[in-house]
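J.: Note that UniProt numbering gives residue 206 to position 206 of the sequence shown, counting from 1, and the numbers run on in steps of one.
C-beta: ideal position from N, C-alpha, C; glycine also.
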Amino acid sequence: MTSEDPRRRIPRTDHLLAHLGVIEAGQRLSESAIRAVIREAQDAARVGSVAPDEVESLVLDRLAATSGSSLTPVLNATGIVVHTNLGRAPLSTSAAQAIADAAGYVDVEMDLGTGRRSKRGVGARQALLDACPAAEDALVVNNGAGALVLATTAFAFRREVVISRGEFVEIGAGFRLSDLMTSTGAHLREVGTTNRTHLRDYSEAVCDRTGCILKVHPSNFNVSGFTSAVPLAELRPLADEHDVPLIVDVGSGLLHADPAIPDEPSITQALEAGADLVIASGDKLLGGPQAGLILGRSEYVQRLARHPLARAVRCDKLTLAALEATLTGPEPPVKAYLHADPARLKERTERLAAAVGAPVVAHDGRVGGGGAPEVPLPGWAVRLPETVARDLRLGSPAVVARVHDGACLIDLRCIPEADDEPLAAAISQSVQRRGSGRPSGLADDRIQVSAEEGLT
Ligand SMILES: *Cc1c(COP(=O)(O)O)cnc(C)c1O
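(1) Is DSSP giving residue 382 helix, strand or coil here?
(2) Are there any heavy atoms of ligand 2 lying less than 7 Å away from the beta-carbon of residue 53, as far as the coordinates show?
(3) Are residue 317 and residue 77 closer than 8 Å when you measure CB to CB?
(4) What does the alpha-carbon distance come out to for the pair residue 87 and residue 71?
(5) What three-state label does DSSP hand residue 4 in the structure shown?
(6) What residues are listed by DSSP as bridge partners for residue 293?
(7) Where does residue 276 land, buried or exposed, given buried means 16+ other C-beta within 10 angstroms?
(8) When burial is assigned at 16 or more other CB atoms within 10 Å of the CB, is residue 23 buried or exposed?
(9) For ligand 1, any of its heavy atoms closer than 7 Å to the Cβ of residue 179?
(10) Does the stretch 107-118 come within contact of the stretch 254-270, defined as at least 3 CB pairs closer than 8 Å?
(11) State yes or no: is the C-beta of residue 222 nearer than 7 Å to some heavy atom of ligand 1?
(12) If you measure between the beta carbons of residue 92 and residue 287, is that distance less than 8 Å?
(13) Indicate, with yes or no, if ligand 1 has a heavy atom lying under 7 Å from the CB of residue 148.
(14) What residue range is occupied by the uninterrupted beta strand (DSSP E) comprising residue 114?
(15) Let me confirm a value: residue 518 is counted as buried when at least 16 other C-beta atoms fall within 10 Å, else exposed. Which label applies?
(16) Is residue 173 near ligand 1, judged by its Cβ being under 7 Å from some heavy atom?
(17) Rounded to whole angstroms, what is the Cα-Cα separation between residue 107 and residue 419?
(18) Does the structure place the stretch 63-70 close enough to the stretch 18-32 that three or more beta carbon pairs sit under 8 Å?
(19) Just to confirm the assignment: which complete beta strand (DSSP E) runs, minimum length 3, are found wholly within the stretch 77-164?
(20) Consult DSSP for residue 15 and reduce its assignment to one of helix, strand or coil.
(21) Per the contact definition of three or more C-beta pairs closer than 8 Å, is the stretch 145-162 in contact with the stretch 177-187?
(22) Name the DSSP beta bridge partners of residue 409, please?
(23) To which residues does DSSP link residue 375 through a beta bridge?
(24) Checking the sheet assignment: what are the DSSP bridge partners for residue 247?
(25) Within the chosen definition, does the stretch 29-45 reach the stretch 10-20 through at least 3 CB pairs nearer than 8 Å?
(26) Helix, strand or coil for residue 21 per DSSP?
(27) Roughly how many angstroms separate the alpha carbons of residue 210 and residue 241, rounded to a whole number?
(28) Report all residues from its chain with a CB closer than 8 Å to the CB of residue 68; omit the five preceding and five following residues, and keep chain order.
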């Protein structure tokens, strides 16, 4: 190494650590995280991929782009409302605020009046009961799968869960509810066939080994053709006769029937039709945080609440805060996106298309992982060349579009209107970077999201 070796001009670590911008980053990042960014930039200069005098600005840029969490906020341009890969339901502003408020010390298990210990989750429980008067009692656990594990353990350990063969659901990423239930020590007593199950199938199966009768809503597939399932109300007398709980896993967490997705069962409907307990997720169509909701008859809810396993599936203060705020606050984003006005969507899409110089195509969105498989949500998309999709994902803001049939489709259904402009800028940048000019080919067929997208 000679004295002219440019590597000698690489800024030293202590010099960089003393930079005001680096000191400011210390508000958000640990010293070791900052040192790692510095080391990386110095190494880049050592191997010659950046000039030594660029190291300082590289460090500042990287630090500015680094947050405490590696999770990157994205604009969901897929048209899929509950997109499991994108974190399912985006929280309402009031739910996000409730999480921030509960982040420090909070009276989650203390009565501030008496200074004594109080019951955990009373606020969220009350909000659920107010929102769903058909339920006598409610319990919130970590997620839907946790609620199912708790219920099958409490009611059917070494006993039988009577369930129709048509309701064996794989919920995504290879997880099967049947495996989940048998892992608790329950035995599955499968009744009927994939397409048809009758009341007599259930009545022949229910016996003194039965722990519960379970109905699972096929939330991500449809069975059509020669089919038959037993309505809940018809199972009620059977459950009474044998004194076993009738449990329904509705999946989606709709509190009340929604006319936009008429076949999607709600918690209220299931309770009114005779379910003892209903299980659902908090982060699907309810539009709240990840949670498992258990609503129904007090006697059964309390049995679950007292079970030792309840402690292993309990949810944290942040979830309780966000769930309560979702239930008591204004309409959460999921509801707004589900009911987005097609005329307004078209207007926004046309404005975006004009801004980026691309055509508009008819495009159906989907409910996604929350339920209502196959139900189209009619809307529109801006059609871009497929090649920009990756740039959009890696851009700022990160945009996840729908890649389909050789095109990159931008559906505005799940984009807050306030983000239309940053989105247009991100697209223009990506299209320019690709040098792909004006995208061509105006598809006139209505493009639909396939049933499996967004589910896993
Ligand atoms: C999504 C779903 C589950 C799993 O719920 P999580 O909250 O993801 O654990 C269970 N059952 C049904 C029917 C579902 O749709």
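T.: The answer reads as follows:
(1) The answer is strand: DSSP assigns residue 382 an E or B state.
(2) Absence of ligand 2 is noted for the structure shown, with ligand 1 being the only ligands found.
(3) No, these two residues do not count as a Cβ contact at 8 Å.
(4) The alpha-carbon atoms of residue 87 and residue 71 are separated by roughly 10 Å.
(5) Coil at residue 4, not helix or strand.
(6) DSSP lists 140, 280 as the beta-bridge partner residues of residue 293.
(7) That one is buried.
(8) Within a 10 Å sphere around the beta-carbon of residue 23 sit fewer than 16 other beta-carbons, which makes this residue exposed.
(9) No - ligand 1 has no heavy atom lying nearer than 7 Å to the Cβ of residue 179.
(10) The stretch 107-118 and the stretch 254-270 do not touch, with fewer than 3 CB-CB distances between them shorter than 8 Å.
(11) Not under cutoff, so the answer is no.
(12) Yes, Cβ-Cβ distance for residue 92 and residue 287 is below 8 Å.
(13) True, at least one ligand heavy atom lies under 7 Å from that Cβ.
(14) Annotation: residue 114 is outside any beta strand (DSSP E) and is labelled neither H nor E by DSSP.
(15) Outside the displayed range of the chain (1 to 456) lies residue 518, so it cannot be described from this structure.
(16) Answer for residue 173: no, Cβ out of range of ligand 1.
(17) In this structure, the alpha-carbon of residue 107 lies about 36 Å from that of residue 419.
(18) Judged by Cβ distances under 8 Å, the stretch 18-32 makes contact with the stretch 63-70, as three or more pairs qualify.
(19) Complete beta strand (DSSP E) runs here, min 3: 80-82, 137-141, 160-164.
(20) In the structure shown, residue 15 sits in a helix (DSSP, three-state: H, G or I).
(21) Yes, they touch.
(22) Among the bridge pairs identified by DSSP, residue 409 is matched with 383, 402.
(23) According to DSSP, residue 375 bridges with nothing at all.
(24) Answer is 214, 277, bridged to residue 247.
(25) Counting C-beta pairs with one atom in each stretch, the stretch 29-45 and the stretch 10-20 have three or more that are closer than 8 Å, which means they touch.
(26) Of the three classes helix, strand and coil, the one that applies to residue 21 here is helix, per DSSP.
(27) For residue 210 and residue 241, the distance between alpha carbons rounds to 12 Å.
(28) 28, 29, listed in sequence order.
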